[in-house]
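Reviewing the structure listed below.
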Amino acid sequence: MVTLCGKCLHVLQLALQCKHQKINQAAVDLLQTLIRDERFMNKATTFESDTLMMSTLKSITLLPVIKAPIQCRILTLIVELMCKEERRITVETIMEALTLCMQTYGNAEERSVQLACRAAVTQIFSSFCTLPQNSHCQEHIAIFMDATSLLNEVIKCANVTNPQSDQIIILLDAIYSLLDSQPITIINHQPFA
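For the sequence shown, the working numbering assigns the number 15 to the initial residue and increments by one for each residue that follows.
Here's what the structure looks like:
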């Protein structure tokens, strides 16, 4: 199935390169089908780059330059893919999504796309840091460690981004979402303190 999924994502990438609106719409429909079909959600992979999430993000690198309605729809699907409760994603995947949203925000010609980018980042970061219901102390510590690592990565990115750039807004949204989604008990987590 992973090979089939990879082939489908390649077709998706080719369809997004086309400037024809109907072909772009069909590509988004394909993406939606892929992310909603559990058969393609490979749970056990040895490399992060092999997951459907990372493969999907890599296949939509043209997001910053396609038409606005398609951009908004793809951003919605990215959120759907990354915020599913039963899935735990990595800092690497979050940073890939953040980079894609920053590029799209920076190239956006319409306000709706900028708002969709900001909303996507906020939802992805909040979802990543939310403690699962009925979670145990070990899970809390793991999420705190991931949140701290992610915060460090976003701050590094902010430090090398031009403060006059529009993209800094996305990074500030990410930092705010990260901090806002943390329970007060994170102050007891050593690296965060």
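Idealized CB from N, CA, C, for every residue including glycine.
Which of helix, strand or coil DSSP assigns to residue i
i, result
"T70", "helix"
"C86", "helix"
"C19", "helix"
"I155", "helix"
"T75", "coil"
"I80", "coil"
"Q178", "coil"
"C32", "coil"
"T162", "helix"
Among the options, the one whose alpha carbon lies nearest that of residue i
i, options, result
"V79", "A161, R132, Q117 and H34", "Q117"
"I157", "L112, N166, I169 and T144", "T144"
"E106", "A29, F142, I155 and L193", "F142"
"L165", "A134, T104, L114 and S179", "T104"
"T47", "I84, L91 and A161", "L91"
"S195", "I184, I169 and T162", "T162"
"T65", "L95, C86 and K36", "L95"
"C86", "Q35, P177, V168 and Q128", "Q128"
"V168", "A29, M67, C22 and L112", "L112"
"M109", "K170, R53 and C22", "K170"
Rounded C-alpha distance that separates residue i from residue j
i, j, result
"R125", "Q181", "14 Å"
"L45", "L77", "13 Å"
"I189", "T70", "24 Å"
"M15", "R50", "Because the pLDDT of M15 is 46, which lies under 50, any placement of that residue in the model is unreliable, and the number read from its coordinates should be weighed accordingly. Cα to Cα, the separation comes out at about 14 Å."
"M159", "I74", "29 Å"
"T175", "G120", "12 Å"
"A40", "I155", "42 Å"
"F139", "H24", "27 Å"
"N38", "C32", "7 Å"
"T11", "S191", "Absent from the structure is residue 11, since the part of the chain shown begins at 15 and ends at 207."
Start-to-end residues for the alpha helix (DSSP H) that takes in residue i
i, result
"I184", "Q181 to D194"
"D43", "Q35 to R50"
Review point. What are the start and end residues of each continuous alpha helix (DSSP H) run of 4 or more residues lying completely inside the region 93–152, in chain order?
Key: Taking only runs of at least 4 residues, the alpha helix (DSSP H) segments lying wholly in the region 93–152 are 105–121 and 125–143.
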